[in-house]
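**Student:** I'd like to ask some things about the structure below.
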Amino acid sequence: MPARNVDRTKRIIMPFDTIITALKGRFADLATSEFRDNRRVVVAPAQLFDVLKSLQEEHGFDLLFEMTAADYLKYPNAVDRFGVVYGLLNTVTGERVFVKTVLNEPDLTLPSAFSLWKGADWLEREIYDMYGILFDGHPDLRRILMPEAFAGHPLRKDYPLRGRGERHNFPVITRANS
Amino acid sequence: MALAIPDFMLAKLDPLANWVRANSLWPMPFATACCGIELMATGASKHDIARFGAEVMRFSPRQCDLMIVAGRVVMKMLPVLQRIWMQMPEPKWCISMGACASSGGVFDTYAVVQGVDRFIPVDMYVPGCPPRPEQLIQSILDLQDKIRASGTLQGTEFEQRIEHQGPLPNADVPADVVTAPGDYKKSRRVSLN
Amino acid sequence: MPLEALDTLPDGPEKDYLWTLNFGPQHPATHTTLRLILTLDGETVVKAVPDIGFLHSGFEKLGEDLDFNQYVTIVDRMNYISPIANEIAWHHVVEKLMGIDLTPRCKYIRTILAELARISDHLLCTGAQALDLGAFTAFLYGFQQREVIYDIYETISGQRFHPSYTRVGGLLYDVTEEFVRKVRSFVQEFPATHADMCRLLNRNRIFVERTQGIGVLSKELAINLSCTGPIARASGVVRDLRKDEPYLAYGELQNTFKVICATDGDSYTRYLVRMEEMLESLKIIAAAIENLPAGAVNVDVDSKVVFPAQTSVYRTIESMIQHFELVMPNRQWTPPLDEVYGAIESPNGELGFYIVSDGTGVAYRARTRPPSYIHFATFPYLIEGHQLSDVVAVLGSLNIIAAELDR
Ligand code: SF4
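Protein chains in written order, with our numbering: chain A, 2 to 179; chain B, 30 to 222; chain C, 425 to 831.
Rendered as structure tokens:
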């Protein structure tokens with residue numbers, strides 16, 4: 002069994018700023034923010050696909066490690082309803098970057114990242130299932146966790162924790178009919 | 030010394046049937062979650078459920094007479110559970126193992142069925158999250174006692190329980206709600222439409 | 425489930441012989457609940473469409489309802505093979521959000537527990553993989569050692585399965601001498617079991633032939649499909665958060681362990697990687713238990729994030745107030761108003777949480793990055809062109825934990 006013990010904590014990491022400068026050169030109005038070690042780029046939905054593509058192709062972010070959404074309906078002072086976050090990782094340098102975009106009703110459509118990362122397939126289906134955000138260009142966008150006939154998107158903030166009674170909606174089998 | 034076996038014995042058929050049934054329960058492990066792993070632990074060497082004649086786990090419902098529902102059952106799984114329960118031959122019993130199967134446990138959420146006894150008949154409840162293997166073994170022993178005490182050859186003890194025994198579904202579900210899942214009678218193998 | 429997906433098959437009159445097989449959701453080799461719709465050509469799998477969600481219990485919705493300490497009891501139920509790894513991940517991220525730096529003793533104890541979790545996970549995974557391929561003995565050997573680990577959990581927390589042992593800024597209790605003794609004896613006894621399992625399986629003709637070359641995942645595909653953990657490492661992706669982004673005590677224990685990598689990427693290699701990882705974990709445990717620092721397990725009480733000791737709650741008004749503040753739903757912790765992603769190397773891969781905080785003690789959004797979910801998405805790619813009987817070999821090597829898959 003080949004095993005390696007490389008001290009990879011001492012690698013040279015391409016400064017985040019250079020990536021940002023390069024991105025800003027290509028895309029106008031790109032916002033950035035930072036919290037702990039999470040560095041974020043905030044883009045408009047229209048630019049999202051191009052930003053992701055440029056990050057993948059030009060900056061070596063080859064692994065989509067996370068993709069999730071949040072519903073900011075009850076968030077203090079929130080302006081936008083939904084946020085979608087992509088977490089990208091460069092497997093060579095170990096650098097991470099988060100790309101965030103915001104969405105508002107009624108236009109809940111984003112370009113699908115499936116053509117860039119096959120791993121986006123199920124992640125997008127889950128976001129569609131839980132939040133009802135549509136992904137344009139996804140090959141097979143249908144519910145993944147909830148039953149096909151389910152109505153509603155459970156992780157939206159206006160959906161109650163205990164549901165609307167779906168969990169009680171089954172025929173009862175008693176001893177007599179079994 | 031050769032064993033002296035009499036030519037015939039007299040016994041009532043009911044206790045005879047009960048004796049046989051109680052000592053060779055074949056469980057159908059309907060293991061969905063964490064409790065399923067404890068069910069595995071019960072079958073593994075340290076706890077060894079074989080000591081009580083219930084180790085013959087069969088994954089085909091046709092061969093089993095004891096269903097152990099181990100773990101939470103959610104909306105998408107309940108039609109499957111009901112279908113499997115209907116496929117098991119009589120006489121059959123059901124153990125609801127763990128808090129989730131018995132009452133929904135900590136998962137009081139939109140997706141989890143709040144106790145399988147709302148939708149299928151249950152004979153034994155095992156508390157715990159997860160129950161220790163010893164508890165599961167105790168419940169099997171208790172079930173054996175129950176069979177010995179109340180079983181009949183014809184299974185007449187089941188016939189008396191026509192009424193639904195568990196809590197009833199919520200009555201206050203709004204009428205306009207489009208609800209999900211399914212009906213075990215209609216659920217098909219491949220598609221819903 | 426409507427299977428439009430199946431309509432995209434290359435059909436036409438000459439493909440009429442394809443048939444569909446429904447695998448699961450109640451099937452012994454799925455271990456718990458997942459379903460595959462396989463399109464077969466004779467015995468060859470042409471296409472596999474996974475259908476999941478049979479255990480979707482609304483974990484993430486519950487995370488928006490329970491506070492940081494309460495939710496730990498839920499996250500460990502998300503992973504029933506190595507529960508404590510999830511607890512550590514959850515509080516790791518919560519502490520990252522609040523900027524809490526743990527005490528050295530707590531870091532070491534958590535490290536030991538995380539590695540014990542890795543061993544118990546890999547034991548079940550490899551054992552069950554062998555079980556599915558017909559080798560029952562290895563499974564029993566593996567379970568024997570899992571019982572020892574359960575026993576250790578029970579010593580520290582009182583619950584053998586779901587310990588719920590971590591708390592914001594520390595642990596539920598400090599460990600006792602008995603824990604140290606039990607871990608030491610585990611470290612001594614485990615290699616024998618491990619060697620037994622290796623002897624049973626490594627060169628077992630049936631096992632090797634049924635797993636070697638089956639379900640090959642190339643490095644490019646592994647990266648493109650977001651794989652992490654042992655599965656990615658078996659395909660040649662050299663990545664391990666314990667080395668790359670050291671957390672807990674891994675920074676100090678850096679030189680005690682190696683990252684196990686391989687390049688073949690088939691089911692057999694994944695098995696071998698897991699087996700080797702157990703030995704590396706054992707080295708970490710051995711080093712950590714001998715260097716266990718003294719001192720407190722919880723961070724300083726004055727930081728207002730941990731519960732004061734019980735006796736002082738009963739005797740001093742300040743402690744009582746602090747305890748009260750932490751349990752009142754409208755007080756509790758006050759994390760910054762921001763969102764954070766953090767991850768640890770769980771036995772199965774990168775286990776991350778994405779917390780959106782609205783400044784209260786309850787997460788506004790508690791997203792899990794579930795390794796099983798992401799790894800199961802690779803299944804259709806791995807199984808294509810293989811035989812029906814290889815389905816269980818590949819499934820077993822992916823180590824799918826249904827609760828984490830569906831959450
Ligand atoms: S009762 Fe507890 S251990 Fe059992 S399935 Fe439910 S959460 Fe898991």
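Positions of the beta carbon are idealized from the N, C-alpha and C atoms, including for glycine.
(1) List the residues of chain C whose Cβ lies closer than 7 Å to the Cβ of Pro159 of chain B, in chain order.
(2) Measure the beta-carbon distance from Val42 of chain A to Val93 of chain A and round it to whole angstroms, keeping in mind my assumption that it falls under 8 Å.
(3) How about the region 470 to 490 of chain C and the region 735 to 746 of chain C: do they share at least three Cβ pairs that are nearer than 8 Å?
(4) Counting along the chain, where does the alpha helix (DSSP H) carrying Gly820 of chain C start and finish?
(5) How far does the alpha helix (DSSP H) with Ser832 of chain C in it extend, from its first residue to its last?
(6) Pick helix, strand or coil for Pro172 of chain A, following the three-state DSSP scheme.
(7) Beta-carbon of Pro120 of chain B versus every beta-carbon of chain A: anything under 8 Å?
(8) Under a CB-based cut-off of 8 Å, is Thr10 of chain A close to chain C?
(9) So the alpha helix (DSSP H) Asp36 of chain B belongs to, where does it begin and stop?
(10) Opposite Tyr154 of chain B in the DSSP bridges: which residues?
(11) My assumption, with CB atoms under 8 Å, is that Leu89 of chain A sits in contact with Phe62 of chain A. Please give the rounded CB distance.
(12) Using the three-state DSSP reduction, which class does Gln811 of chain C fall into: helix, strand or coil?
(13) What does DSSP give as the partner residue(s) for Asn443 of chain C in the beta ladder?
(14) Under a CB-based cut-off of 8 Å, is Phe62 of chain A close to chain C?
(15) Would you kindly work out how many angstroms separate the C-alpha atoms of Asp814 of chain C and Ala121 of chain A, rounded to a whole number?
(16) If contacts are defined as beta-carbon pairs under 8 Å, then Gly487 of chain C and Ala767 of chain C qualify, I think. What distance do you get, rounded to the angstrom?
(17) Three-state secondary structure (DSSP) at Asn772 of chain C?
(18) Would Leu665 of chain C and Glu763 of chain C qualify as a contact pair, given that the criterion is a beta-carbon distance under 8 Å?
(19) Is Val632 of chain C helix, strand or coil by DSSP?
(20) Could you tell me whether the region 52 to 60 of chain A touches the region 73 to 80 of chain A, where touching means 3 or more Cβ pairs closer than 8 Å?
(21) Can you give me, in chain order, the residues of the region 45 to 76 of chain A that have a beta carbon less than 7 Å from any beta carbon in chain C?
(22) Report yes if the CB atom of Ala46 of chain B is closer than 8 Å to the CB atom of Leu182 of chain B, and no otherwise.
(23) Quick one: is the Cβ of Ala128 of chain B within less than 7 Å of any heavy atom of ligand 1?
(24) Take Val725 of chain C and list the residues in its own chain whose beta-carbon comes closer than 6 Å to its own, dropping the five residues that flank it on each side.
(25) By a C-beta neighbour count over all protein chains shown, 10 Å radius and 16 as the cutoff for buried, is Ala204 of chain B buried or exposed?
(26) Find the residues of chain C that neighbour Ile66 of chain B, judging by a C-beta separation of less than 8 Å, and give them in chain order.
(27) Check whether the region 687 to 700 of chain C touches the region 125 to 133 of chain A, taking contact to mean three or more Cβ pairs, one atom from each stretch, closer than 8 Å.
(28) For a test of the three-state rule: what should DSSP assign to Pro120 of chain B, helix, strand or coil?
(29) Tell me whether Asp43 of chain B sits in a helix, a strand or coil according to DSSP, three-state version.
(30) Do you know offhand how far Glu163 of chain B's Cα is from Arg623 of chain C's?
(31) So Ser74 of chain B contacts chain C; which residues on that side make the cut at Cβ distance below 8 Å?
(32) Starting from the Cα of Lys682 of chain C, find the closest Cα among C:Cys549, C:Asp690 and C:Asp668 and give me that residue.
(33) By how many angstroms is the C-alpha of Asp475 of chain C removed from the C-alpha of Arg165 of chain A?
(34) Keeping to the same chain, check which residues put their C-beta closer than 8 Å to that of Lys41 of chain B; ignore five residues upstream and five downstream.
(35) Does the distance between the C-beta of Val135 of chain B and the nearest non-hydrogen atom of ligand 1 fall short of 7 Å?
**Tutor:** Once the coordinates are examined:
(1) Near Pro159 of chain B (Cβ distances below 7 Å), the residues of chain C are Phe585.
(2) Rounded to the nearest angstrom, the Cβ distance from Val42 of chain A to Val93 of chain A is 20 Å, too far for a contact under 8 Å.
(3) No, the region 470 to 490 of chain C is not in contact with the region 735 to 746 of chain C.
(4) For Gly820 of chain C, the enclosing alpha helix (DSSP H) covers residues Asp814 to Leu822.
(5) With chain C covering 425 to 831 only, the question about residue 832 of chain C has no answer from this structure.
(6) Secondary structure at Pro172 of chain A: coil, using DSSP grouped into helix, strand and coil.
(7) Chain A has no Cβ within less than 8 Å of the Cβ of Pro120 of chain B.
(8) At Thr10 of chain A the pLDDT is 45, less than 50, meaning the model places this residue with poor confidence; the figure from the coordinates comes in the next sentence. Yes, Thr10 of chain A counts as interfacial toward chain C.
(9) In the DSSP annotation of this structure, Asp36 of chain B is not part of any alpha helix (DSSP H), being labelled neither H nor E.
(10) In DSSP, Tyr154 of chain B forms a bridge with B:Ser125.
(11) About 4 Å separates the two Cβ atoms, so the contact holds.
(12) The three-state secondary structure of Gln811 of chain C, taken from DSSP, is strand.
(13) Position check: residue 443 of chain C holds Trp in this sequence, whereas Asn was assumed. Residue pairing of Trp443 of chain C in beta bridges, as defined by DSSP: C:Leu464.
(14) Not closer than 8 Å to any Cβ of chain C, the Cβ of Phe62 of chain A fails to qualify, so no.
(15) Those two C-alpha atoms are separated by around 26 Å.
(16) About 16 Å separates the Cβ atoms of Gly487 of chain C and Ala767 of chain C, ruling out a contact at the 8 Å cut-off.
(17) Note: Asn772 of chain C maps to coil in three-state DSSP.
(18) With respect to the 8 Å criterion, Leu665 of chain C and Glu763 of chain C are not classified as neighbours on the basis of their beta carbons.
(19) Three-state result, Val632 of chain C: helix.
(20) No contact exists between the region 52 to 60 of chain A and the region 73 to 80 of chain A.
(21) Residues Asp63, Leu64, Leu65, Phe66, Glu67, Thr69, Ala71 and Tyr76.
(22) In this structure, Leu182 of chain B lies closer than 8 Å to Ala46 of chain B by Cβ.
(23) Yes, Cβ of Ala128 of chain B sits closer than 7 Å to a heavy atom of ligand 1.
(24) Close CB contacts of Val725 of chain C within its chain, under the 6 Å cut and outside five residues either way in sequence, are with Pro732 (chain order).
(25) The pLDDT assigned to Ala204 of chain B is 49, lower than 50, so where the model puts this residue is not dependable, and the model offers no usable value.
(26) In chain order: Tyr504, Ile505, Leu548 and Phe585.
(27) Contact fails between the region 687 to 700 of chain C and the region 125 to 133 of chain A, because fewer than three Cβ pairs, one in each stretch, are under 8 Å apart.
(28) In the structure shown, Pro120 of chain B sits in coil (DSSP, three-state: anything other than H, G, I, E or B).
(29) The answer is helix: DSSP assigns Asp43 of chain B an H, G or I state.
(30) Cα-Cα distance, rounded: 32 Å.
(31) By Cβ distance, chain C contributes Leu564, Phe567 and Gln568.
(32) Measuring C-alpha to C-alpha distances from Lys682 of chain C to each of C:Cys549, C:Asp690 and C:Asp668 identifies C:Asp668 as the nearest.
(33) Going by the C-alpha atoms only, they are around 24 Å apart.
(34) Excluding residues within five positions, none has a Cβ falling inside 8 Å.
(35) Yes, Cβ of Val135 of chain B sits closer than 7 Å to a heavy atom of ligand 1.
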